[in-house]
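These protein sequence lines are chains X and C, in that order.
Under my numbering, the first residue of the first sequence carries the number 18, and numbering increases by one thereafter.
Under my numbering, the first residue of the second sequence carries the number 38, and numbering increases by one thereafter.
A virtual CB, placed ideally from N, CA and C, is assigned to each residue, including glycine.
Since this is a predicted model, take the numbers as computed values, not measurements.
Taking it in order: structure first as structure tokens, then the write-up.
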Amino acid sequence: MSALAAEAATGLVMSTSEQFLFWIVGAIVVLGASALLFSKRAVLTACSVMVTMVGLAFLYVGLGSPFLGVVQVVVYTGAIMMLFVFVLMLVGVDVSDSFIETIRGQRWIGVIFGLGLLVVLAGAVFRSTFSFAIGTAQADEGNNAGAVASLLFSDFAFTLEITGCLLIIAAMGAVILTLRVRLTKAVAQGEMVAIRLKRGMRLTPPPAPGNYARHNAADAPAIDADGKIIDDSVPSALRMRGQVHTLRGLAQDLLPDQLPPSRRPDIAAPPGEEPAASEAPATAEGEVKP
Amino acid sequence: MTVSAYLVLSAVLFALGATTVMVRRNSIVVFMGIELMLNAANLAFVAFSRMWGNMDGQLAAFFVMVVAAAEVVVGLAIIVSLFRTRRTVSVDDENMLRH
């Protein structure tokens with residue numbers, strides 16, 4: 018592949034296939050990048066920038082640098098953009114961009130500055146004459162990664178070491194910046210027991226959900242000796258959502274079909290109320306709860 | 038069509054990233070704009086490397102990528118810690134240094 022890329026990446030004028038690659042991938046890259054300006058949702062923006070990064074990797078390969086193309090995919094798409102998405106999920110994906118302008122007309126001033134920058138940069142490119150393009154075929158001798166490595170560990174060895182230091186410092190900095198300093202003392206188990214005793218709270222664990230070894234789902238409440246539901250046995254979140262099984266639903270599940278109708282307790286659900294446990298098959302040998 | 042087309046594409050990407058930094062208020066999106074500007078510079082580096090038949094441009098692009106990785110780690114850590122204290126990622130609300 019590298020030999021093919023090196024062959025393609027010579028000469029000042031692009032070959033037809035390279036022009037094809039440039040226009041297609043270039044359009045995708047610019048479209049993906051323009052999502053930064055026009056997309057309202059940050060996650061969509063991150064995904065579009067990922068497309069841009071992959072497109073740039075294609076362009077690097079087309080320019081005769083397959084090593085950088087691979088590194089681009091691994092570092093930018095694989096690590097950096099994933100980190101962006103991770104942080105987006107951490108700080109809340111529904112954070113919307115505010116449209117309050119702290120400086121009047123700031124948005125349009127920014128757009129005008131951006132256009133001016135584009136004109137200046139493109140003008141600089143168009144005004145300068147590039148009469149040659151040697152291509153990296155002689156420089157890397159068809160082995161792009163090897164040429165980069167030999168330069169990296171000879172001429173740029175000191176830079177590489179400095180960069181390693183930078184990476185270590187960055188990792189340490191990230192750890193320290195995201196470290197949460199505890200402002201109050203942590204409450205230990207002994208103090209928790211004392212607090213509970215003082216407030217008259219329950220000391221033992223709450224009763225476990227489930228009954229008669231038939232249900233062990235968290236939404237099936239335990240039943241005490243009187244046949245009443247123990248509210249504490251189900252998680253409070255389920256209680257608040259109203260997703261706890263009713264006694265009627267539980268008993269209907271417990272009721273064997275073989276029992277003669279005369280002995281069946283009157284537990285038929287009223288119309289409209291869907292018993293939650295009706296999907297579970299009733300077993301034949303089940304004991305009927307009075 | 039000459040190789041300098043890559044430089045024009047690089048200029049377009051750089052301008053897009055710079056406009057993002059100036060226009061958008063979400064600090065994560067602003068940060069992505071900075072990344073785009075770094076990538077635009079990388080594209081110019083690689084294009085120049087091909088023009089001059091010299092590997093130094095590719096090495097420069099490689100080091101830019103490494104430094105960008107370190108920068109993203111620290112920058113996102115700053116954004117996360119700011120979000121913890123201020124519950125916002127908007128660049129307008131982060132004015133703690135001013136008061």
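Scanning Arg121/C, Ala78/C and Thr125/C for the CA closest to the CA of Leu194/X turns up Arg121/C. Counting the other CB atoms within 10 Å of its CB gives Ile41/X a total below 16, which places it among the exposed residues.
Its chain contains Gly94 as the residues whose beta carbon lies nearer than 6 angstroms to that of Phe85/C, once the 5 sequence neighbours on both sides are disregarded; these appear in chain order.
Shown here for Tyr43/C: same chain residues with a beta carbon closer than 7 angstroms to its own, the five before and five after excluded, namely Leu80 and Ala84 in chain order.
A contact is defined here as three or more CB-CB pairs under 8 angstroms, and the segment 166 to 183 of chain X meets this definition with respect to the segment 92 to 112 of chain C.
Of the other Cβ atoms in all chains shown, 16 or more fall within 10 Å of the Cβ of Ser82/X; this residue is therefore buried. Excluding five sequence positions before and after Ala63/X, the CB atoms of its chain that fall closer than 7 angstroms to its own CB belong to Met98, Phe101, Val102 and Leu105, given in chain order.
In the structure shown, Ile71/C falls within a helical segment according to DSSP collapsed to helix, strand and coil. In this model, Leu46/C and Phe147/X are separated by some 16 angstroms (Cα to Cα). Under DSSP, Thr39/C forms a beta bridge with Val30/X. What Thr62/X touches in chain C, judged by beta-carbon distance under 7 angstroms, is Val66 and Met69, going in chain order.
Shown here, Ser253/X sits in a helix according to DSSP, grouped into three states. Taking a contact to require three or more Cβ pairs closer than 8 angstroms, the segment 69 to 83 of chain X and the segment 29 to 49 of chain X qualify as touching. Separation of the CB atoms of Ala55/C and Leu134/X is rounded to 5 angstroms, and the pair is thereby assigned contact status at 8 angstroms. Contact annotation: in the segment 87 to 113 of chain X, residues whose CB is within less than 9 angstroms of a CB in chain C are Val88, Gln89, Val92, Tyr93, Ala96, Ile97, Met98, Leu100, Phe101, Phe103, Val104, Leu105, Leu107, Val108, Gly109, Val112 and Ser113. Here Leu53/C is buried, its C-beta having at least 16 other C-beta atoms within 10 Å. For Asn63/C, the pairing in a beta bridge is given by DSSP as Ser127/C. Cβ proximity to chain C below 8 angstroms picks out Gly43, Val46, Val47, Ala50, Ser51, Leu53, Leu54, Ala59, Thr62 and Ala63 from the segment 40 to 63 of chain X.
Residue pairing from DSSP places Ile246/X in a beta bridge opposite Ile240/X. Beyond the five residues adjoining it in sequence on each side, Val40/C comes within less than 7 angstroms, by CB distance, of Ala84, Arg87 and Met88 in the same chain, given in chain order. Taking the beta carbon of Asp243/X as reference, no residue of chain C falls within 9 angstroms; the closest one sits roughly 48 angstroms away. Glu108/C belongs to the set of residues whose beta carbon lies under 9 angstroms from a beta carbon in chain X. For Val49/C against Thr57/C, the beta-carbon gap comes to about 13 angstroms, at or over 8 angstroms, which does not count as contact. Using beta-carbon distances, Asn161/X counts as an interface residue toward chain C, with a partner under 9 angstroms.
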